[in-house]
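Novice: One structure, as structure tokens, below. Some questions next.
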Amino acid sequence: MSTYDTTAIQKLDTAHYLHPFTDHKALGEKGARVMVRGDGIYLWDSEGNKIIDGMSGLWCVNVGYGRTSISKAVYAQMETLPFYNSFFNTTNVPAVRLAAKLVQISPPQFNHVYFAGSGSEGNDTNVRMVRRYWDVLGQPQRQVIISRHNAYHGSTMAGASLGGMAGMHEQGGLPIPGIVHIGQPSYLESGKGMTEEAFGIEAASWLEKKILEVGADKVAAFIGEPIQGAGGVIIPPSTYWPEIQRICDKYGILLIADEVICGFGRLGRWFASELFGIKPDLITFAKGVTSGYVPLGGVLVGDRVAKVLIEQGGEFNHGFTYSGHPVACAAALENIRIIEDEKLIERVANETGPYLKKRFAELADHPLVGYADSCGFVAGLNLVRSKGATVHDNVAFDESLAVGMVCRSYMFNNGMIMRAVGDRMIIAPPLILTTAQIDEMLALIRHCLDLTYADVKERGWL
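Going by the numbering used here, the sequence shown opens with residue 295, and the numbers climb by one from there.
So, in structure tokens, the structure goes:
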């Protein structure tokens, strides 16, 4: 492996590179960790430390690092046609082939694809598309989109507004008009005294209450992640999504499934909508479509919406320079071929997903872990000060102690990337993970939990 001058790179980084979601002063004082290589499920930093990537980069490297066939597909396309736009009645071969492939693997109501450069751009497209849909149908007053608190739908003006992150809304005058929020289906947060099934129905009922509050004739759509990702891997009760679907159908509003994280095999299906038994009108995708090798995002557009826009809508005044970028589409086609040929979705559904669920649940016996749950290849656990008779009786740490960040530091410094969302520790590993690698990862997680427990005990926080 090449030798790097970590200090020099960190100084350049501090001097010139503004990172996403970062306190730049604090980062400058300690210096960024410099990642230099990836292979399979592992990363190496500039100091030569080997790390298990428990977050698939940022929920995206589904087929793992070091896929030479994707690199070759990208290179071949760059040599042939590195770029051309899709404006002015023009198309390109990889974009057409990818659109057809996405239709083939998606639920049956989808026959059209709108390409963007990211999930954020995809969700901006959703806002424009659903409002245009209702306008064409002669109901221009249907502008309001309902989302959820603690949801994440991107970082652009519309995406951040659709999301329910308070910290994002505090900066930049968000949300923009016409976007409102309801509570999230977190059983731990709001389900005390109820069964999970009863809570799922209750949480879904908040949508109907909001529709009636706003006025059904003003509501355009509801958007939600099948499983909330950045909010802390919030896995809803089994009753939640079917009831959401029923309410959307009752009032005729569009249903948008943001599958930027959940799509392309992460939950053991091509799309999580299939797992949860819903039939969305629009699906936002990104991340796993290329396994992050090249940026690409977009929207699967269901027949209900596409037919109106195509047959009655005339010109749709929306688009991006990089919509249907030929290099990104070439990467996506090869990525999807790998997922199919290696049967990664079937493995997650039938072998590695159930094994991860079993092994991850065993962490609940750790004195710091109050609750551990998973679905497919996403999982999360809650760090607690003490355990009660039920999960709702657990005693949490004071937020100011930032125990999750203490735990994250032990993970990161001992070769494991596990993200902290408050005091909830989450993972979303590459889909290529074997059962032996799951054992390796879980042993490392438990070791770091032990280190965290010893630390907080020594500090007197228990």
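The C-beta atom is built at its ideal place from N, Cα and C for all residues, glycine as well.
(1) Pair every Cβ in the region 355 to 368 with every Cβ in the region 564 to 579, then say whether three or more of these pairs are closer than 8 Å.
(2) What is the residue span of the beta strand (DSSP E) that residue 516 lies within?
(3) Should residue 785 be labelled buried (16 or more other beta-carbon atoms within 10 Å of its own) or exposed?
(4) Taking only three categories from DSSP, how would you classify residue 428?
(5) Taking the alpha carbon of residue 298 as the reference point, which residue from 315, 331, 659 and 412 has its own alpha carbon closest?
(6) What ranges does the alpha helix (DSSP H) occupy inside the region 339 to 370, keeping only unbroken runs of at least 4 residues that lie completely in it?
(7) Report the rounded CA-to-CA distance for residue 457 versus residue 309, giving the unit in angstroms.
(8) What's the gap between the Cα of residue 412 and the Cα of residue 387?
(9) My understanding is that residue 618 touches residue 389, with C-beta atoms under 8 Å, so please give their C-beta distance in whole angstroms.
(10) Comparing alpha-carbon positions, which option in 424, 307, 662 and 339 lies nearest residue 710?
(11) Tell me whether residue 414 is buried or exposed, calling it buried when 16 or more other Cβ atoms sit within 10 Å of its Cβ.
(12) For the region 497 to 513 against the region 460 to 470, are there 3 or more C-beta pairs whose distance is under 8 Å?
(13) What number of angstroms, rounded off, separates the C-alpha of residue 681 from the C-alpha of residue 459?
(14) Is there contact between the region 477 to 486 and the region 517 to 535, where contact requires at least three CB pairs shorter than 8 Å?
(15) Could you give the DSSP three-state label for residue 310: helix, strand or coil?
(16) Assuming residue 586 and residue 354 are in contact, meaning their beta carbons sit under 8 Å apart, how far apart are those beta carbons, in whole angstroms?
(17) Mapping DSSP to helix, strand and coil, what is residue 481?
(18) Thinking residue 439 and residue 515 are a contact (beta carbons under 8 Å), I'd like their distance in whole angstroms, please.
(19) Tell me the rounded alpha-carbon separation between residue 676 and residue 526.
(20) Using a threshold of 9 Å, state whether the C-beta atoms of residue 740 and residue 719 are closer than that.
(21) Assuming residue 378 contacts residue 589 under a Cβ cut-off of 8 Å, what Cβ separation, rounded to an integer in Å, is found between them?
Specialist: So, from the data block:
(1) no
(2) Where residue 516 is concerned, the enclosing beta strand (DSSP E) stretches over 513 to 518.
(3) Missing from the structure shown is residue 785; the chain here goes from 295 to 756 and no further.
(4) helix
(5) 331
(6) 350 to 353
(7) 31 Å
(8) Straight-line measurement puts the Cα of residue 387 at about 20 Å from the Cα of residue 412.
(9) 3 Å
(10) Among 424, 307, 662 and 339, the Cα nearest to that of residue 710 belongs to 339.
(11) Looking at its Cβ environment, which holds 16 or more other Cβ atoms inside 10 Å, residue 414 is buried.
(12) no
(13) 28 Å
(14) yes
(15) helix
(16) Contact between residue 586 and residue 354 holds: CB atoms are separated by about 4 Å, below the 8 Å threshold.
(17) helix
(18) 5 Å
(19) 10 Å
(20) no
(21) Not confirmed; about 17 Å, so no contact.
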